[in-house]
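Trainee:
Protein chains in written order, with this note's numbering: chain E, 444 to 679; chain C, 44 to 350.
1) The alpha helix (DSSP H) with residue 74 of chain C in it runs from where to where?
2) Check whether the Cβ atoms of residue 583 of chain E and residue 556 of chain E sit closer than 7 Å, and answer yes or no.
3) As an exercise, report each continuous alpha helix (DSSP H) stretch of at least 4 residues that is fully enclosed by the stretch 446 to 532 of chain E, in chain order.
4) Consult DSSP for residue 662 of chain E and reduce its assignment to one of helix, strand or coil.
5) Just the C-alpha distance for residue 280 of chain C and residue 289 of chain C, rounded to the nearest angstrom, thanks.
6) Around the C-beta of residue 211 of chain C, are 16 or more other C-beta atoms found within 10 angstroms, so that it is buried, or is it exposed?
7) From the beta carbon of residue 551 of chain E, is the nearest beta carbon of chain C less than 7 Å away?
8) Using DSSP with H/G/I as helix, E/B as strand and the rest coil, what is residue 649 of chain E?
9) Please confirm if residue 227 of chain C has its CB atom under 7 Å from at least one CB of chain E.
10) Compare the beta carbon distance of residue 637 of chain E and residue 482 of chain E with 7 Å and say whether it is the shorter of the two.
11) Less than 7 Å between the C-beta atoms of residue 190 of chain C and residue 71 of chain C, yes or no?
12) Considering only the alpha carbon of each residue, which of C:329, C:114, C:335, C:338 lies closest to residue 60 of chain C?
13) Helix, strand or coil for residue 635 of chain E, going by three-state DSSP, please let me know.
14) Which chain C residues are close to residue 520 of chain E, counting only those with a beta carbon under 7 Å from its beta carbon?
15) Leaving out five residues on either side along the sequence, give the residues of the same chain with a beta carbon under 7 Å from the beta carbon of residue 495 of chain E.
16) Nearest chain C C-beta to residue 537 of chain E closer than 7 Å, yes or no?
17) Give a yes or no on whether the minimum CB-CB distance between residue 220 of chain C and chain E is below 7 Å.
18) With DSSP as the reference, identify every bridge partner of residue 180 of chain C, one or two as the case may be.
19) Once DSSP output is grouped into helix, strand and coil, what is the label at residue 541 of chain E?
20) Would you kindly report the start and end of the unbroken alpha helix (DSSP H) that includes residue 602 of chain E?
21) Could you tell me whether any Cβ in chain C is nearer than 7 Å to the Cβ of residue 524 of chain E?
22) Does residue 224 of chain C have its Cβ less than 7 Å from a Cβ in chain E?
23) When DSSP labels each residue in this structure, what does residue 577 of chain E get in the three-state scheme?
24) Of all the CB atoms in chain C, is at least one closer than 7 Å to the CB of residue 544 of chain E?
25) Can you find the residues in the same chain that come closer than 8 Å, C-beta to C-beta, to residue 492 of chain E, ignoring five residues on each side of it along the sequence?
26) Which same chain residues, not among the five before or five after residue 272 of chain C, have their C-beta less than 6 Å away from its C-beta?
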């Protein structure tokens, strides 16, 4: 699978919080245009993995190869400029900025490309209606749309989505995943972290299952046996 | 109580309001550093005095008018602010607000002693010539000094400029985002270390502007820093943390209180207990007003930042 089309690849990726090791020798790869799900139980290291890819956690240069370059050592603000954007867990919108300003700041220091304020408003029309409101006045689902839009504004080649369904109603979750399909159809490569296995597998081409900071199972998302996932998920 | 009718109330209010503009200018640098990076700059007052000495050197060396020296001192202090933040203060920032507090306290001691060593303990003042004593008469026979009026106008323009910077520019948006959540701001491509350094540069640039005006209006010596730090603090706290125009209101309340202190409260107290009028009532009344507001509204009048 690691052909010329490979966008990102990790090699023995380890990450630490102080003395605590959160990730152990993760071997991960993703091709251009692919959608890959990362599943696992609470505390398995999913968010840590995304934060490591986004540059928020310190890693060795060669642990993360992106577009043929070592980027493991780059800080988050430089990783973004390379075209990797993270939709963080819990949305983390800027509370003193309006909806529109939250979106704008996503684009201020990012790359040029097809995603503009206008395009994001077309994707999520409700954000256009509420553009002048404080971002925190939005409902949970709208806040998640704003967080996704904010990440898109930097025109990423690789979009990392951390638990975008967290705490939202099923009907909203369905809508968000339909939008992800639109984003994917534009050619954006996606990594989706989810606790909801079915949701994640339905949206993805391939999946990785993490357990206690290690990859416990990986493969194509369709046709995978429930039993083997359960075993990889819980370690039983 | 007949003397109360002799008090020039309009004059007291206007003088107090105008000096409030200077306090608001003092407060801008302090407020920016705290608002954006939660850095309480204990050396702020000493930076004001440092700027005043730098202006003095520039004026003495070039013979230029003190107000013209602003064009030299402000960019100089911007660079100093950037370098100071990048080379030192950035390393003190973290989850606790204590390290920057201690380091800037150390800076305060260092600046005071270096100034004392280099310039001695004599009080200094910059001479702005005729404009210092010029005044204009407003309707109602109220006389206003041109220079205090100029300081107030500069304060208004400065706050307006800062408002524009923070709410209408890309840089301002980045400042506000980083103030909300620095980690997430990094994910948006914002280099916090660079941004913080710019913030400190801008803070010291405004401080330099305030300092030059201050050094024409008031005499200073190497130990003048702490009292100016307190005035700036009081203006910020009265106005409410993070509120730009609140800072101006805070400065005005402080200035008017001080003005009342020297013209009303002081004489009143000396009348009641029979001792001579003390000039200290000016400053003390300002502190008392600050204490009262702190008790009645602990968050200040227009709070924006709540942590």
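All C-beta atoms in this analysis are idealised placements derived from N, C-alpha and C, irrespective of residue type, glycine included. For clarity, every value in this text was computed on a predicted model and none was experimentally measured.
Mentor: Reading off the structure:
1) Numbered from its first residue, the second chain carries residue 74 of chain C at position 31. Counting along the chain, the alpha helix (DSSP H) containing residue 74 of chain C begins and ends at 52 to 80.
2) The count along the first chain starts at 1 and reaches residue 583 of chain E at position 140. The count along the first chain starts at 1 and reaches residue 556 of chain E at position 113. No, Cβ-Cβ distance for residue 583 of chain E and residue 556 of chain E is not below 7 Å.
3) 489 to 497, 519 to 525
4) By one-based count along the first chain, residue 662 of chain E stands at place 219. Three-state DSSP puts residue 662 of chain E in a strand.
5) In the second chain, residue 280 of chain C corresponds to position 237, counting from 1. In the second chain, residue 289 of chain C corresponds to position 246, counting from 1. About 9 Å.
6) Numbered from 1 along the second chain, position 168 holds the residue referred to as residue 211 of chain C. By the 10 Å Cβ count, residue 211 of chain C comes out exposed.
7) Start at 1 with the first residue of the first chain, and residue 551 of chain E comes out as number 108. Yes, residue 551 of chain E counts as interfacial toward chain C.
8) Here residue 649 of chain E refers to the residue found at position 206 of the first chain. Here residue 649 of chain E sits in strand by DSSP.
9) As a first step, residue 227 of chain C must be located in the second chain, where it is residue number 184. Taking a beta-carbon distance threshold of 7 Å, residue 227 of chain C counts as an interface residue toward chain E.
10) Here residue 637 of chain E is taken as the residue at index 194 of the first chain, counted from 1. Here residue 482 of chain E is taken as the residue at index 39 of the first chain, counted from 1. Contact flag set, yes.
11) Walking along the second chain from the start, residue 190 of chain C turns up at place 147. Walking along the second chain from the start, residue 71 of chain C turns up at place 28. Not a contact, by the Cβ cut-off of 7 Å.
12) Within the second chain, the letter at position 17 stands for residue 60 of chain C. The shortest C-alpha separation from residue 60 of chain C is found at C:329.
13) In the first chain, the residue the question calls residue 635 of chain E occupies position 192. In the three-state DSSP reduction, residue 635 of chain E falls in the strand class (E or B).
14) Counting from one through the first chain, the residue named residue 520 of chain E turns up at place 77. Simply 229, 232, 233, 234.
15) By 1-based counting over the first chain, the position of residue 495 of chain E is 52. Correct list, in chain order: 456, 458, 466, 502.
16) Mapped onto the first chain, residue 537 of chain E falls at position 94. Chain C, which has a Cβ nearer than 7 Å to the Cβ of residue 537 of chain E, makes this yes.
17) As a working mapping, residue 220 of chain C is identified with position 177 in the second chain. A Cβ of chain E is located within less than 7 Å of the beta carbon of residue 220 of chain C.
18) Residue 180 of chain C sits at position 137 when you count from the first residue of the second chain. According to DSSP, residue 180 of chain C bridges with C:186.
19) The count along the first chain starts at 1 and reaches residue 541 of chain E at position 98. In the structure shown, residue 541 of chain E sits in a strand (DSSP, three-state: E or B).
20) As a first step, residue 602 of chain E is located in the first chain; it is residue number 159 there, counting from the start. Where residue 602 of chain E is concerned, there is no enclosing alpha helix (DSSP H), although the beta strand (DSSP E) it sits in stretches over 601 to 605.
21) Start at 1 with the first residue of the first chain, and residue 524 of chain E comes out as number 81. For residue 524 of chain E, the answer is yes, since a Cβ of chain C falls inside 7 Å of its Cβ.
22) For the purposes of this step, residue 224 of chain C is taken as residue 181 along the second chain, with counting starting at 1. True, the Cβ-Cβ gap to chain E drops below 7 Å.
23) Residue mapping note: residue 577 of chain E aligns to position 134 of the first chain, counting from 1. Three-state result, residue 577 of chain E: strand.
24) Counting from one through the first chain, the residue named residue 544 of chain E turns up at place 101. So yes, residue 544 of chain E belongs to the interface.
25) Here residue 492 of chain E corresponds to residue number 49 of the first chain, with the count starting at 1. The residues are 456, 458, 466, 469, 471, 481, 636, 653.
26) Mapped onto the second chain, residue 272 of chain C falls at position 229. Hits under 6 Å: 87, 88.
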